[in-house]
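Its first residue numbered 1, the sequence shown is counted upward by one per residue in UniProt numbering. Where a beta carbon is used, it is the ideal one built from N, C-alpha and C, also for glycine. Here is the structure we will look at, set down as structure tokens.
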Amino acid sequence: MQAHDLQRRRRGGASVGGRVRIVTTEDAVEEAWREHWPRLLALLTARFERVDLAEDALAEAFARAARRWPTDGVPASPVAWLHRVAQREVIDRLRSEVSAHRAAARIAEDLAQRVDPGEPQLEAVADDMLRLVFLACHPALPPHAQTALALRWVLGLPTTEIARLFAVAPTAMSARLTRARQRAAAEPRAFELPTGAALDDRVEGVLRTAHLLFTSGYAPSEGTEVVRPEVCAEAIRLVAVVDDLLPGRADVQALRSLVELQHARRDARADAAGDFVLLAEQDRRRWRHDEIARAMERLLALGPSAGFAEELRLQALIAAVHAVALHPDETDWPLALTFYDRLLALSGEDRVVRLNRAVAVARVHGAAQALTELGMLDPRDHRTAGALAELHAEAGNPELAAALFTSAAHWCACDPVRRHYQRRAREITTA
């Protein structure tokens, strides 16, 4: 069986969509921020070639909108109003910076005479948006800084929200963003679009950033929640932006399919008390089947490729094996194992892939065979220890399983997952 076997087994619903209904001026500002921040920032950065000034000026434009629109009314074209105010703010800041330099001051004055009062051409901003994405995810920046800048610049999240997503103080995140944007802006030719192999490298970096962000929400390493759906949603939105800017790329399409398939299970991954629910025990009626249907359509349009894009496609196909099974007993584990075998060969014996593949081996050939193939895998983190514990429990090694569950609970900083490990250890000990 191959990927197209999944298509015959999927039953899904219709898509549901819609925009936020604007009721108040506060709603209008919020909607304008959500819809227009990234493109306006890209336009301003392209024109003035100063992303730091562009960002500060645009933030000030929105702040003025929040103050003035409640009394003056929402402009006929909010985006044109914001664009005009932000342009003038950039120029004012340039004047302040260059007041001691006559030549530079004349340049600022010339720009002031050419402020565009009309509607910004947002439909023609794709290249500028792409530059902004690549600038945020510049390889000179550490991964956490890339993710934070992408959330700020590309998705327009306020600093306070980014701080909440990263579980740090807003002041700390503000300082982190300042350092990151200064470093990114200082890179030679930072706002130029890469081409050829350099473009592929940068796209891969953007996708890895988005995937890392999604994983941090899908399986939080600490805290009180099984899943942080708002983090996952922002990661998906980042992938969607790249998909809009670079349509038809196999790697982008594959990652978008993967994260949407996984995110569709969010409502069933925790019970009413907030406790972790295993995949096999989830109420699949609570899955978002309309989202699964859309992701499946995108995924099944992809053919085999190579490298990173193929790794993502195989991961998405594995997620699809679970998504099309409306009951755990309907899961096509042999097909999943086939995909895992290909993924393991591509990933260079990646530890996580080996561990996840072992679960499929256990379903097809038994837990003892899975443990044999894993060999002496060191349970050095809670996910490894927890997976090994389940395999040993299935293989008839209760004492070792209980000890591994206890170790997993000790290493786990995510409260509901830790409680799951503790519960499993008690169940095995008292059985």
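> So, using beta-carbon positions, are L326 and R284 closer together than 8 Å?
Replying inline: One-based indexing of the sequence shown puts residue 326 at position 326. One-based indexing of the sequence shown puts residue 284 at position 284. Yes. Within cutoff.
>> Restricting to runs no shorter than 4 residues, where is the alpha helix (DSSP H) found entirely within the stretch 344-423?
In response: 351-365, 367-374, 382-394 and 398-411
> My guess is that D52 and A198 are in contact by the Cβ rule of under 8 Å, so how many angstroms apart are they, rounded?
Replying inline: The residue labelled residue 52 in the question sits at position 52 within the sequence shown. The residue labelled residue 198 in the question sits at position 198 within the sequence shown. The Cβ separation is near 24 Å, so there is no contact.
> Can you tell me the Cα-Cα spacing of R419 and A409, whole angstroms?
Replying inline: What you label residue 419 is simply residue 419 of the sequence shown in a count that begins at 1. What you label residue 409 is simply residue 409 of the sequence shown in a count that begins at 1. Cα to Cα, R419 sits roughly 7 Å from A409.
> In three-state terms, what does DSSP make of A100?
Replying inline: Here residue 100 refers to the residue found at position 100 of the sequence shown. With a pLDDT of only 48 at A100, under the threshold of 50, the placement of this residue in the model should not be trusted, and no figure is reported.
> Straight-line CA distance for I22 to A219?
Replying inline: For the purposes of this step, residue 22 is identified with residue 22 of the sequence shown, where counting begins at 1. For the purposes of this step, residue 219 is identified with residue 219 of the sequence shown, where counting begins at 1. In this prediction, I22 has a pLDDT of 48, which is less than 50 and means its spatial position is unreliable; what the coordinates show is noted afterwards. Each residue's Cα considered, the two are about 34 Å apart.
>> Quick check on this structure: which residue in R380, D200 and T331 has the alpha carbon closest to the alpha carbon of L355?
In response: Residue 355 sits at position 355 when you count from the first residue of the sequence shown. Taking only the C-alpha atoms, the option nearest L355 is R380.
> How would you write the range of the alpha helix (DSSP H) that F62 sits in, first residue to last?
Replying inline: Translated into the one-based positions of the sequence shown, residue 62 becomes position 62. Run containing F62: V51 to D72, per the alpha helix (DSSP H) assignment.
>> What does the alpha-carbon distance come out to for the pair R19 and A336?
In response: Translated into the one-based positions of the sequence shown, residue 19 becomes position 19. Translated into the one-based positions of the sequence shown, residue 336 becomes position 336. Reliability fails at R19, whose pLDDT of 39 lies under 50, so the model's placement of it is uncertain and the value that follows must be treated cautiously. So the two alpha carbons sit approximately 37 Å from each other.
> What do you reckon, is the C-beta of L314 under 7 Å from a heavy atom of the ligand HEM?
Replying inline: What this structure holds is no ligand at all, so the ligand HEM is not there to describe.
> Exposed or buried, T147, counting other C-beta atoms within 10 Å across all chains shown (16 or more means buried)?
Replying inline: For the purposes of this step, residue 147 is taken as residue 147 along the sequence shown, with counting starting at 1. With 16 or more Cβ atoms within 10 Å of its Cβ, T147 is classed as buried.
> Assuming F191 contacts L135 under a Cβ cut-off of 8 Å, what Cβ separation, rounded to an integer in Å, is found between them?
Replying inline: Against the sequence shown, residue 191 aligns to sequence position 191. Against the sequence shown, residue 135 aligns to sequence position 135. Confirmed, Cβ separation roughly 6 Å.
>> Can you check which of these residues, P75, L246, R50 and V74, is closest to I91 by C-alpha distance?
In response: Against the sequence shown, residue 91 aligns to sequence position 91. That would be R50, whose Cα lies nearest to the Cα of I91.
> So, helix, strand or coil for A295, using DSSP?
Replying inline: Locating residue 295 in the sequence shown gives position 295, where the first residue counts as 1. In the structure shown, A295 sits in a helix (DSSP, three-state: H, G or I).
>> Buried or exposed for M129, going by 16 or more other Cβ atoms inside 10 Å?
In response: To locate residue 129, count along the sequence shown from 1; it is residue 129. Classification of M129: buried, given that the 10 Å Cβ count is 16 or more.
>> So for A309, helix, strand or coil by DSSP?
In response: Walking along the sequence shown from the start, residue 309 turns up at place 309. If DSSP states are grouped into helix, strand and coil, A309 belongs with the helices.
>> For L344 and E30, I'd like the C-alpha separation in whole angstroms.
In response: The residue you call residue 344 lines up with position 344 of the sequence shown. The residue you call residue 30 lines up with position 30 of the sequence shown. Spanning the two alpha carbons is a distance of roughly 45 Å.
> For I236, which of V252, L377 and V226 has the nearest alpha-carbon?
Replying inline: Position 236 of the sequence shown, counted from the first residue, corresponds to residue 236. Comparing Cα-Cα distances from I236 to each of V252, L377 and V226, the minimum goes to V252.
>> I'd like the span of the alpha helix (DSSP H) that includes G196, first residue to last.
In response: Taking the sequence shown and counting its residues from 1, the one referred to as residue 196 is at position 196. Per DSSP, G196 belongs to the alpha helix (DSSP H) from G196 to Y218.
> Is the Cβ-Cβ distance between W287 and A268 less than 8 Å?
Replying inline: The residue given as residue 287 occupies position 287 in the sequence shown. The residue given as residue 268 occupies position 268 in the sequence shown. Contact: yes.
> In chain order, what residues of the same chain have a beta carbon less than 6 Å from the beta carbon of R165, not counting five sequence neighbours either side?
Replying inline: As a working note, residue 165 is residue 165 in the sequence shown. The sequence given here has Leu at residue 165, not Arg. Answer for L165: V231, listed in chain order.
>> Using C-beta distances below 8 Å, list every residue in its chain close to P304, excluding the 5 sequence neighbours before and after it, in chain order.
In response: Mapped onto the sequence shown, residue 304 falls at position 304. So the list reads E310 and R313, once near-sequence residues are dropped.
>> Run through the DSSP bridge pairs and tell me what F134 is partnered with.
In response: Residue 134 sits at position 134 when you count from the first residue of the sequence shown. DSSP lists no partner for F134.
> Excluding the five sequence neighbours on either side, which residues of its own chain have a C-beta within less than 6 Å of the C-beta of A368, listed in chain order?
Replying inline: For this step, residue 368 is matched to residue 368 along the sequence shown. The answer, listed in chain order, is A395.
> Contact check, A270 vs P416 under 8 Å by CB: the rounded distance?
Replying inline: Position 270 of the sequence shown holds residue 270. Position 416 of the sequence shown holds residue 416. With 8 Å as the limit, A270 and P416 qualify as a contact, their Cβ atoms being about 7 Å apart.
>> Our contact map puts V239 next to L255 with C-beta atoms below 8 Å; I'd like the distance itself, whole angstroms only.
In response: The residue you call residue 239 lines up with position 239 of the sequence shown. The residue you call residue 255 lines up with position 255 of the sequence shown. About 6 Å separates the two Cβ atoms, so the contact holds.
> Mind checking D27: buried by the 16 CB within 10 Å criterion, or exposed?
Replying inline: On the sequence shown, position 27 is the one that residue 27 refers to. Classification of D27: exposed, given that the 10 Å Cβ count is below 16.
>> If I follow the unbroken alpha helix (DSSP H) through R288, where does it start and stop?
In response: Sequence index remark: in the sequence shown, residue 288 carries index 288 (1-based). Segment: none, R288 is in no alpha helix (DSSP H) and carries neither H nor E.
> Which stretch, first to last residue, makes up the alpha helix (DSSP H) that contains D244?
Replying inline: Here residue 244 refers to the residue found at position 244 when the sequence shown is read from its first residue. Note, D244: alpha helix (DSSP H), P229 to L245.
> Based on Cα-Cα distance, which residue from R202, L278, A413 and I162 lies nearest to E234?
Replying inline: Within the sequence shown, the letter at position 234 stands for residue 234. Comparing Cα positions, the closest option is I162.
> When you compare only the Cα positions, how much space is there between L391 and R351?
Replying inline: Taking the sequence shown and counting its residues from 1, the one referred to as residue 391 is at position 391. Taking the sequence shown and counting its residues from 1, the one referred to as residue 351 is at position 351. Cα-Cα distance, rounded: 16 Å.
> Helix, strand or coil: how does DSSP classify A431 here?
Replying inline: On the sequence shown, position 431 is the one that residue 431 refers to. Coil at A431, not helix or strand.
>> Would A385 and A401 qualify as a contact pair, given that the criterion is a beta-carbon distance under 8 Å?
In response: For the purposes of this step, residue 385 is identified with residue 385 of the sequence shown, where counting begins at 1. For the purposes of this step, residue 401 is identified with residue 401 of the sequence shown, where counting begins at 1. In this structure, A401 does not lie closer than 8 Å to A385 by Cβ.
>> Helix, strand or coil, according to DSSP, for F339 in the structure here?
In response: Locating residue 339 in the sequence shown gives position 339, where the first residue counts as 1. Helix at F339.
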